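Trainee:
There are 6 protein chains.
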Amino acid sequence: MHLLLINPNTTDAMTQRMAEMSRGLLGTGARVTAATGRFGGRYVASRAAYAIAGHAALDAYAVHGADADVVVLACFGDPGLLALKEIARQPVVGMAEASCLTASALGGRFAIVTGGERWGPMLEEFVRGLGMEARLAGIATVAPTGGEIAADPDRALDLLTRASVDCVERYRADSVILAGAGLAGLAERIADRVPVPLVDSLVASVRMAEGLARIGTRKGHVGSFARTPAVETVGLAPELARLFDGSA
Amino acid sequence: MHLLLINPNTTDAMTQRMAEMSRGLLGTGARVTAATGRFGGRYVASRAAYAIAGHAALDAYAVHGADADVVVLACFGDPGLLALKEIARQPVVGMAEASCLTASALGGRFAIVTGGERWGPMLEEFVRGLGMEARLAGIATVAPTGGEIAADPDRALDLLTRASVDCVERYRADSVILAGAGLAGLAERIADRVPVPLVDSLVASVRMAEGLARIGTRKGHVGSFARTPAVETVGLAPELARLFDGSA
Amino acid sequence: MHLLLINPNTTDAMTQRMAEMSRGLLGTGARVTAATGRFGGRYVASRAAYAIAGHAALDAYAVHGADADVVVLACFGDPGLLALKEIARQPVVGMAEASCLTASALGGRFAIVTGGERWGPMLEEFVRGLGMEARLAGIATVAPTGGEIAADPDRALDLLTRASVDCVERYRADSVILAGAGLAGLAERIADRVPVPLVDSLVASVRMAEGLARIGTRKGHVGSFARTPAVETVGLAPELARLFDGSA
Amino acid sequence: MHLLLINPNTTDAMTQRMAEMSRGLLGTGARVTAATGRFGGRYVASRAAYAIAGHAALDAYAVHGADADVVVLACFGDPGLLALKEIARQPVVGMAEASCLTASALGGRFAIVTGGERWGPMLEEFVRGLGMEARLAGIATVAPTGGEIAADPDRALDLLTRASVDCVERYRADSVILAGAGLAGLAERIADRVPVPLVDSLVASVRMAEGLARIGTRKGHVGSFARTPAVETVGLAPELARLFDGSA
Amino acid sequence: MHLLLINPNTTDAMTQRMAEMSRGLLGTGARVTAATGRFGGRYVASRAAYAIAGHAALDAYAVHGADADVVVLACFGDPGLLALKEIARQPVVGMAEASCLTASALGGRFAIVTGGERWGPMLEEFVRGLGMEARLAGIATVAPTGGEIAADPDRALDLLTRASVDCVERYRADSVILAGAGLAGLAERIADRVPVPLVDSLVASVRMAEGLARIGTRKGHVGSFARTPAVETVGLAPELARLFDGSA
Amino acid sequence: MHLLLINPNTTDAMTQRMAEMSRGLLGTGARVTAATGRFGGRYVASRAAYAIAGHAALDAYAVHGADADVVVLACFGDPGLLALKEIARQPVVGMAEASCLTASALGGRFAIVTGGERWGPMLEEFVRGLGMEARLAGIATVAPTGGEIAADPDRALDLLTRASVDCVERYRADSVILAGAGLAGLAERIADRVPVPLVDSLVASVRMAEGLARIGTRKGHVGSFARTPAVETVGLAPELARLFDGSA
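Quick note, the sequences are listed as chains C, L, Z, G, R and X, same order. Counted the way my numbering counts, the first sequence spans residues 30 to 277. Counted the way my numbering counts, the second sequence spans residues 30 to 277. Counted the way my numbering counts, the third sequence spans residues 30 to 277. Counted the way my numbering counts, the fourth sequence spans residues 30 to 277. Counted the way my numbering counts, the fifth sequence spans residues 30 to 277. Counted the way my numbering counts, the sixth sequence spans residues 30 to 277.
1. Determine the DSSP secondary structure at arginine 184 of chain L, reduced to helix, strand or coil.
2. Pick helix, strand or coil for threonine 174 of chain Z, following the three-state DSSP scheme.
3. Out of curiosity, what's the CA-to-CA distance linking glycine 11 of chain C and alanine 112 of chain C?
4. If you measure beta-carbon to beta-carbon, which residues of the stretch 245-266 of chain Z are closer than 7 Å to chain L?
5. Looking at the unbroken beta strand (DSSP E) that takes in threonine 143 of chain R, where does it start and where does it end?
6. Which residue wins for smallest C-alpha separation from glutamate 49 of chain C, given the options C:Ala192, C:Ala266 and C:Ala213?
7. Work out the CA separation of phenylalanine 254 of chain G and lysine 114 of chain G for me, nearest whole Å.
8. Below 9 Å on C-beta distance, what does isoleucine 278 of chain X contact in chain C?
9. Can you say whether glutamate 239 of chain R is buried or exposed, counting buried as having 16 or more other CB atoms within 10 angstroms of its CB?
10. Mind reading off the beta-carbon distance from glycine 144 of chain L to proline 182 of chain L? Whole number of angstroms is fine, and I expect it under 8 Å.
11. Closest Cβ-Cβ distance between methionine 237 of chain L and chain C: below 8 Å?
12. Quick check on the burial criterion: 16 or more other C-beta atoms within 10 angstroms. Buried or exposed for alanine 42 of chain R?
13. For alanine 82 of chain L and glycine 69 of chain L, which I take to be in contact (beta-carbon distance under 8 Å), what is that distance rounded to the nearest angstrom?
14. For a quick check, are the C-beta atoms of serine 234 of chain X and serine 128 of chain X less than 8 Å apart?
15. Got a sec, what are the start and stop residues for the beta strand (DSSP E) aspartate 274 of chain R sits in?
16. In chain R, which residues lie less than 8 Å from valine 122 of chain X when you measure between Cβ atoms?
17. Of all the CB atoms in chain R, is at least one closer than 8 Å to the CB of serine 276 of chain G?
18. Tell me the rounded alpha-carbon separation between alanine 125 of chain C and threonine 170 of chain C.
19. Alpha carbon to alpha carbon, how far is glutamate 146 of chain X from leucine 152 of chain X?
20. Can you grab the Cα-Cα spacing for the pair valine 232 of chain R / threonine 44 of chain R, in whole Å?
21. For a contact meaning CB atoms closer than 7 Å, what does glycine 167 of chain C contact in chain X?
22. Which residues of chain L have a Cβ atom closer than 7 Å to the Cβ of glutamate 126 of chain C, listed in chain order?
23. Kindly indicate the opening and closing residues of the alpha helix (DSSP H) around alanine 233 of chain X.
24. Would leucine 111 of chain C pass as an interface residue toward chain L - the criterion being a Cβ-Cβ separation below 8 Å?
25. Could you give the first and the last residue of the continuous beta strand (DSSP E) run that contains histidine 250 of chain X?
26. Please confirm if arginine 76 of chain Z has its CB atom under 8 Å from at least one CB of chain L.
27. According to a CB-to-CB cut-off of less than 7 Å, which residues of the stretch 170-186 of chain Z neighbour chain L?
28. By the 10 Å Cβ neighbour count, where 16 or more other Cβ atoms means buried, how is alanine 180 of chain C classified, buried or exposed?
29. Use the C-beta contact count for serine 276 of chain Z: other C-beta atoms within 10 angstroms, 16 or more gives buried, fewer gives exposed.
30. I'd like to know whether the C-beta of alanine 233 of chain X is nearer than 8 Å to at least one C-beta of chain R.
31. Just verifying my parser: in three-state terms, what is the DSSP assignment at asparagine 32 of chain C?
32. Using beta-carbon positions only, say whether threonine 40 of chain X and glycine 176 of chain X come within less than 8 Å of one another.
33. On the premise that glycine 249 of chain G lies in contact with proline 150 of chain Z, defined as a C-beta separation below 8 Å, what is that separation, rounded to the nearest angstrom?
34. At 7 Å on the CB atoms, spell out the chain Z contacts of glycine 150 of chain L, in chain order.
35. Alpha carbon to alpha carbon, how far is aspartate 98 of chain R from valine 61 of chain R?
36. Under 7 Å between beta-carbons, which chain C residues line up against arginine 164 of chain L? List them in chain order, please.
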C-alpha cells in the first residue's frame, strides 16, 4: 500500500514528522510519501490561510498523487477536502473527517481540543458541513498554535490535559480528539489523566486511510465526486492544469 | 488481533458464513470467533424482533466476549449497539454504523439497499439516531429478505443492481451501501453496473473494527459509555448477570 | 376500560404501587392490571439494562396483553416502546413519551428531572428519537435513583425542588417533568415551591392512555407499526413466540 | 368539567356543530360552552385571515373564558394559540396541536389531510413551530374548503379517502389526521378504507383537553407563558382590555 | 420612492420618531409616510399583545398602504409579517427580519440585544420561524422596555454596551443587533465600545426596504404569498374588509 | 460609493459585462471597479475549480481592494466568501449569499435555477453552510453552463422559464433565483411567464452591497471575522502576502 500524506501547511518539518509517524504506524508493508504545500501560510490559522490551503492541497496532489493508493489530507480542518475527493482517483481522507468518524465509532459525543484560538468557529462549521453536529460535544482551543505545541510538547501536556478534562466535565464529551499535526503523539502521554478515550488525529486518519485502501472501493463516474468534464484553466502549475484539461 | 463477530439473528449458518468471510479479509494474523444469538427471530425484520435481538447481542457478548480485542455486531441495524458499547471492555462496531461512517468518508451522501421491506423506517430512525441524517440520500428495500438473498444470490444480482442504480438516479446518492449479512460479497459482483462506489457492509465493519483495534483507545471510566455501577438482576443467563452484578 | 401497566423493571413492589395510583386516577369505571418484567435489572439505569428491558416489556405484553384496551409502558425512558407499538393490538403509551407530549401541550419548553445520573444522555437521545428536541429545555438528574427516592420520598423533596427550580432558572424551562415511577405522586407536594407547571409522569401517561382508549383508533395494517409477517423464533417464552409465529 | 370551545372563524353554525359533538364525546358529566369569533373571515384560509383570527380568539376568550376549566381552540392551525396559553388561566389546547401530539402517540409519522389549498405551507410552518417536523410525513390539501366539506360531507368522502390513502402510499404516513372542523365526524366513516389509523382533529383535541383538565397542572408564574405585567391598551373590547390592564 | 412605515404598537410618538429617522436616512429623493396601530398595547411585550398587533398591522396597511412602493413593519419581532407579505401588493420588510438578514451578511453569528424581558423566547421562536436559528448566537434582554430606553437613552447606553459585550464574550457573537424602535440611533453611540459590528434595526430595515424597492420584483400570483380568493368577513374596519372581499 | 466586483472565474469578458450592468444599476453617483481571477478555471463548475477560485478571489482582493467601500464576490456559489469577509476591511457580499437573503425577504421558500449540472449539490451545501436550508425549496440546474447561456441568451429563455415554472410546481417555490453571471439580465425577460417573483443574482448582490455600504458598519476586531495575527507565507503574490504578514 502506498499512502500519500499531503500537508497543505507550508512547513516541511511538520510534514516529515507526520510521515515518519505514519511509517511507524503502518510498518514495513506500506510506503508513505509526503508533500508539503508550495504556497500559503506557514501554518493555517485563519479563514484566509485556509482558503489558500485548499488550492495548495490540490496542487500538491497534482504533483505527487499519481501512484498513491490512498491520500491523507493532514491538516486538521481539511482545507480542500471535497475538491480532493472529486479530483483524486484514490480515496482521500481528511484528518478532521477521519477523527470525527472514528470518535463517533467510540459512542456518544466527541470533543475537539486543538491549538490556535481562531480554529473554534471554523471547526464548528466544518463539523456542521460534515453533517455531524449532533455528535459534537464541544470544542476547546488552547492559546499556543499546533506549531508551538509541536516545538515544545512537554510544556503543553498539562494544558492539553486540562482542556480535555474540561471538555468531559463541561460538555459531557464521551471522547476527546487531540487535533492537529502538532499534537500527534501526545494522546498516549496524557491518556492516564483523561477519563474518556482520546483520539490522536494523525493515528485516526492513517488507520482510516489504511482501511479504505483495503476495502478498495472504485471511484464513481457519476455523482458529485466523479471527475468533471475538461475545462480550460489559466495560471496554474502545469501538473494541476493537466487535471483540469482532460490530459491527466 | 482477536475479532468477535456477534450475529444477533438466531441463524447460525449466516454467522459461520460471515466469520469465514471475515477470516478471508483479515488473513492469518488475526483470529475470528463468532457467536449467534441464543434466542429471538431467525432473522430480524421487525421492531419486535429487533428489540429482542438487542438482548441477545448482550447475552452473546457475555458468553463469548472475554478475550476479544474488538467486537463486530453483525446485523445491519445494529440491535443493542449502544448497550454493547457501554458494557464491553473492547471497542464495538456495528455493521450499519461502520457502513454509514465508511460511506461518509467516500464523500457526499450515501444510499442503503437492503432486503426486507420493514427495514426502511427502522434504518431511517437508526441513521437519525446516529446523527447522520444529513448524509443519507435514501433507502431502498427489496422484497426478498437478506436470508432469501443469501440463499440464492445469483437471482438477486439484477434486483440489487436496479435498486442501487435507482438510488443514484432518484436520490442522487454518491455511494450505495449493500446492507446486511445476506448481501455480503455481492458488491464486487455488481460494481461494474453501478456508477458510484458500493460499500459491502460486512467488509466495512471488519475493516473499521481492525482499524479501531489497532488504534487501541482505552475505555472511558466516566461518561455515558463507561461501565455502570453494579445492579442486581433476575432471570438472565449467568454470564450476562455477572456483567451487571460487578463480579465480571 | 382495561388498562395494562407494564413495568419492565423487575421490581414488583414498584409495579404494584403504580397500579394502585393508576386505579386512584381512573376510578371505579376502569380496570387496571399490571405486569412486572420477568428478567433484567431491578431498576433500569444503564444502556445495557435498558436494552434487556425492551425484551422484558414485550415478554410481559405477550403474557398479559390479551384483553387490555390500552397499555402503559411504565418506565421513564420507555424501553421497547416502538416494538410494543408494533406488536400490540392496542394503543401503547410510554411514560416518557406521554410526559413529553403532555408537557408540550402546556406551551414552550419542558425540562426533565429524574433520579439516576446515567439517565441524562439516554433521555436526550430518547427525546431526539421522539423528534422533540426543540421542545426540551434541559435534563437534570439527581444522584439517588428512582428506587431510592421512592423508598424515602420525604428526604428527596428538597433535592427535587432545587433541581426543578434550577431547570427554570438555568434552562428557562416553561414546565418540568418529574420523571419516573419513583417520583410518582411527588409533583403535587412540591408544586407550591416551583414557579412553573409540574408534570407527574405517571399521571400524564395514565391520562393520555385513557384519552387514546376513548378515541378508539384502529391499528393500521400497513406501515411501520402494522403487525409483521410470521417469523420463526427460538428460545423465547411461548407466549412471546406465539406473537411472532402468526398463531397469536 | 367545563370546557370552553373557541372557534376563531366567524361562522357560528360551525361552532355550534362542534360544541354539540363535544358534548356527545364528554357525556353528561361535563359542560361545554362555545364562542365564535366576533370579527374576521367567515373561515380562515389565508395568512391574513389567520392573523386576525389570533386576535379574535383572544377576544372570545376575554368574553367567555372566566370560569372554564380548559379551553379548546377549535380552528385547525390554531391562530393565537401561544397568546392564549399566555393569557389564559386554564390549560389551552389547539386543534392542530392536539392532533399532532395524539398522532405522534400512535407511533411513526403522521400526515394531515384538510380542505383549502392555502393551508399547506401554513400547516408546515405550524408543525415546524411546534418543533415536530420530524414526525410530519406530509400534508395533502383537497380543493373544497372545510366549510364546503361540512356542507356536503357525503360528497367529500371519496376525495378524503383518496387523499388519505395517497399520504400512506406516497409519504409512508403511519397515521392520518383528518383536520378541521368541517371534517369532524368523517374519520369513522372512511376508516375501513384507509389502512392506517385516522385521527379526527376535534375528537383528539377534546380528549386531550379532558386529560389536561384532569391532570390539573397549575399555571406558572414565571416563564414565557406566565401572565405579563399590566400594559395600557387602546381600541380593544373592554373585556380584552381588562386582561391587559391588570384589572382582570 | 414611497416608503410606508407601519408601527403596530399604538404609541404614535414612537412612530413619528422612526419616520423622522427614516427620512434622514433616505434623503430628499424619497417620501416616507407612517401609520400607528389603531388598537392594541401601547407597546408590544407579550404574546397576547403580539397577536393583536398582527391584526393592527394589517389594519394600518389597509388604511395607508395604497400607493407605497415598499412597507417596513417597524416593531422588532414583526407581528403580522407573513400576513402582510401575503396581502400587500408591495414588498414588505420586517424590522427583525431585515436585521437578521443584514447581520447574516456581515458573517458568522449574530446576537440580539433588546429591551423587555418577555421578548427572549418570542424572538428565539421568530428566528426559528425565519429558518435562521443556525445564525443566532444568543439573545440578551435588558430590563427596561424599548419605550423606557427611548425616553432616556443616555441612561441606557452603559446597559446596552454591557449586554452587547456580554453577547460577544459569552455567545461568541460576530455581530450584535440593537433591536427595536426604542434603540434606534444608539448603535453609533456605543460602537466604539463594542468589538464587533452593531446593527441598528431601523437602519437595517429601511436600507433593505430601499434595496427591495429598487430591485422591483413583482408580486407572485401563485404560491403561499399570492393574494387569496375573496372571502366574506365580519366586524373589520371597512378598508381591511375590502382587502378580503375582492373589491380592493 | 466605490464598489469592487471580484469575478473569481478567469473569464474577463464576463467580468466586464457584470461591471457594466452594475454601473447601470448604481448610476453616476457610484464608482464600480472590477477584477478577474488571475488563475483557475475559465468558469467554475467543479469542486476543484471552486477551491482554487477561493484563492483567486483573495488574490484579486489583495491587488484591487485597497480603496473600495464594499466588495461583491460575483460568482454564484461564492468561493472564498468567508475568507474574504475575514481579510477585507470592507463589507463583502457574495452573489449567492445576497440572492438567498433577498429571496428570503420576499417570503416563503426560494428555488435556484442555474446553468451547469455539477452546481446542484455544491449549492445545496452552500445554502446549508449559510444556515438557510429551511428556506430552500429546491435547485434546478440546466445543462448549458452560465457561460454558454451568456453567449446565446435568447436560446436559453425557454429553458430557464421551464426550469423556473417547474420549481414552482414541483417544489412549491415562492420565488426563484436566476443564478449566476451568465443569467444576469434575463429575469426581466421571462418574468411574465413565471408566476412567482424572480431574483436576478447580480441585481440582488449589487443592491445588498449598496445597502451595506450605506449602513456603514465597522469591521469587528474580535470574533471569527476579525483580522488575524500576522503569519509568514510562501509562494503568494506579494500583494496577498502583505495581507498576511501584517504590513498591509
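From the three backbone atoms N, C-alpha and C, an ideal C-beta is built for every residue, glycine too. Nothing here was measured: the structure is a model prediction, and the numbers come from that model.
Mentor: The answer reads as follows:
1. helix
2. coil
3. In the structure as shown, chain C begins at 30 and stops at 277. Residue 11 of chain C is therefore absent and cannot be evaluated.
4. Ser253, Thr257, Val260, Glu261, Thr262, Val263, Gly264 and Leu265
5. 139-144
6. C:Ala213
7. 6 Å
8. Because residue 278 of chain X is not part of the residues shown, which for chain X are 30 to 277, the question remains open.
9. buried
10. Rounded, the Cβ-Cβ distance is 11 Å, inconsistent with contact.
11. yes
12. exposed
13. 5 Å
14. yes
15. That residue, aspartate 274 of chain R, is in no beta strand (DSSP E); it is neither H nor E in DSSP.
16. Ala134
17. no
18. 15 Å
19. 11 Å
20. 14 Å
21. Simply none; closest approach about 16 Å.
22. Ala134
23. 230-244
24. yes
25. Unbroken run through histidine 250 of chain X: none, as it is neither H nor E.
26. yes
27. none
28. exposed
29. exposed
30. yes
31. Reading the sequence as shown, one finds leucine at residue 32 of chain C and not asparagine. Strand, per DSSP.
32. yes
33. Not a contact, Cβ separation roughly 27 Å.
34. Residue identity check: residue 150 of chain L is proline in the sequence provided, not glycine. Result: Ser253.
35. 10 Å
36. Gly160
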